[in-house]
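**Q** Residue numbers (my numbering), protein chains in the order written: chain A, 333 to 579; chain B, 6 to 163. Quick reminder that beta carbons are idealized off the backbone N, C-alpha and C, glycines included. Everything numeric in this text was worked out from a predicted model, so none of it was measured.
(1) With distances taken from CA atoms, which of 94/B, 34/B, 72/B is nearest residue 52/B?
(2) Sort 82/B, 57/B, 60/B by Cα distance to residue 49/B and report the nearest one.
(3) In chain order, what residues of the same chain have a beta carbon less than 7 Å from the beta carbon of residue 277/A, not counting five sequence neighbours either side?
(4) With which residues is residue 462/A paired in a DSSP beta bridge?
(5) Jot down the residue ranges of each uninterrupted alpha helix (DSSP H) in the region 505-560 of chain A, minimum 4 residues, whole runs only, in chain order.
(6) For chain B, check one thing: does any of its Cβ atoms lie closer than 8 Å to the Cβ of residue 504/A?
(7) Hey, could you find the ends of the beta strand (DSSP E) residue 417/A is sitting in?
(8) Could you tell me which chain A residues have their CB closer than 7 Å to the CB of residue 80/B, listed as they occur along the chain?
(9) Can you look up residue 41/B in the DSSP assignment and give me helix, strand or coil?
(10) From the DSSP output, in three-state form, read off residue 434/A for me.
(11) Less than 8 Å between the C-beta atoms of residue 505/A and residue 443/A, yes or no?
(12) Anything in chain B within Cβ reach of residue 553/A, meaning under 7 Å, just list it in chain order.
(13) Would you tell me roughly how many angstroms separate the C-alpha atoms of residue 137/B and residue 550/A, rounded to the nearest one?
(14) To which residues of the same chain is residue 427/A closer than 8 Å at the C-beta, ignoring the five residues directly before and after it?
(15) Chain B partners of residue 366/A, CB-CB under 8 Å?
(16) Are residue 145/B and residue 125/B closer than 8 Å when you measure CB to CB?
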């Protein structure tokens, strides 16, 4: 079929600049979706097959093992759905509500949400005087929650000791969360902030998204986040946030 | 004196971090009645260490007859592991079946380019998963030449 020259132009494939931030973000989201589906499917498989086996099962002991497998599949699904939802919220910068509030308040919110885990692990958490922060208070509380939760999860047999502090740097404020946990071999430190990449197996609790979400939150505030890993125990997370107006 | 005639035990390395899937692979092998010894690695690093430890064994008896590889492994992923396996003389011809939940064409392409013999997408129903027992047995029967010529079209199971 003939078409007018102006119409035909629409049929030409759009030239794609692979280095543009938009295309990179799309690629990142595509990869995220693929990984999310992958992990959800694994949880679904575990649940569905356990149920099938349960129907065929003869012994009480086997039945209770399979029921446990089935419930684990369901709770992994729940964790993944929560994680995917939090990641989506962290990505939505235009929905961030920015105001100025004390950094200690964000940490207090995070600690309240982690209260049960802190009591269970006997963690000792010290929080220094933190500056005022300009940002979305819910997201920044969530950021502290992910980092502290990470330290609680990857603990050694001793009670976790976690220190949170901040110092002034030319770019703004440098925050740190340091622990005495299992540590992270430096060779793996680049993978940590990638969604769904785990250093432990799939059976470890969690969706494998905490640090990926943390990075999105920090970047949405115009900051950056990194880790100082070493062979041996303990790890330090650092992030920089631009100083709030008036500082 | 015990008989010298023993059933040959196929040594299978399974690199898989998901306990539920380990359980299913075991069950598939048992259901098939395949005489085997399963060596389990929970992450890519563990698998790498085990393989390196067994690559220098000249009589070959400690080497695996087959490797089952999950792609999405912690620490060292399945792709890196597969590429290492194919670069190591001792394992360059060992049959490798990739087990994965991924249906990304990119992953499939990558696995086959890196030298996987088979790509098995983990099914979500028991009967299809149990089919893995037959696939493993056929791959083992195929021997070291199975599908390893560069021209051969690797099989894909869905």
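**A** If we stick to the structure as given:
(1) In the second chain, the residue the question calls residue 52/B occupies position 47. The option with the nearest alpha carbon to residue 52/B is 72/B.
(2) Stepping through the second chain from its first residue, residue 49/B is reached at position 44. Out of 82/B, 57/B, 60/B, 82/B has the C-alpha closest to the C-alpha of residue 49/B.
(3) With chain A running from 333 to 579 in the structure shown, residue 277/A is simply not present.
(4) Position 130 of the first chain, counting from 1, holds the residue named residue 462/A. For residue 462/A, which the question treats as bridged, DSSP gives no partner whatsoever.
(5) 542-552
(6) Taking the first residue of the first chain as position 1, residue 504/A is located at position 172. So, not an interface residue.
(7) If you number the first chain from 1, residue 417/A lands on position 85. Taken as a continuous stretch (DSSP letters only), residue 417/A belongs to no beta strand (DSSP E), being part of the alpha helix (DSSP H) at 392-423.
(8) Counting from 1 along the second chain, the entry for residue 80/B is found at position 75. Within chain A, the residues near residue 80/B are 520, 531.
(9) As a first step, residue 41/B is located in the second chain; it is residue number 36 there, counting from the start. Note: residue 41/B maps to strand in three-state DSSP.
(10) Counted from its first residue, the first chain places residue 434/A at position 102. Correct three-state label for residue 434/A: strand.
(11) Position 173 of the first chain, counting from 1, holds the residue named residue 505/A. Position 111 of the first chain, counting from 1, holds the residue named residue 443/A. Not in contact: residue 505/A and residue 443/A (Cβ atoms no closer than 8 Å).
(12) Within the first chain, residue 553/A is the residue found at index 221, counting from 1. Residues of chain B passing the Cβ test: none, with the nearest at roughly 30 Å.
(13) The residue labelled residue 137/B in the question sits at position 132 within the second chain. The residue labelled residue 550/A in the question sits at position 218 within the first chain. The straight-line gap from Cα to Cα measures roughly 45 Å.
(14) Reading the first chain from its first residue, position 95 is the one you call residue 427/A. So the list reads 421, once near-sequence residues are dropped.
(15) The sequence position of residue 366/A within the first chain is 34, counting from 1. Correct list: 107, 109.
(16) What you label residue 145/B is simply residue 140 of the second chain in a count that begins at 1. What you label residue 125/B is simply residue 120 of the second chain in a count that begins at 1. No. Outside cutoff.
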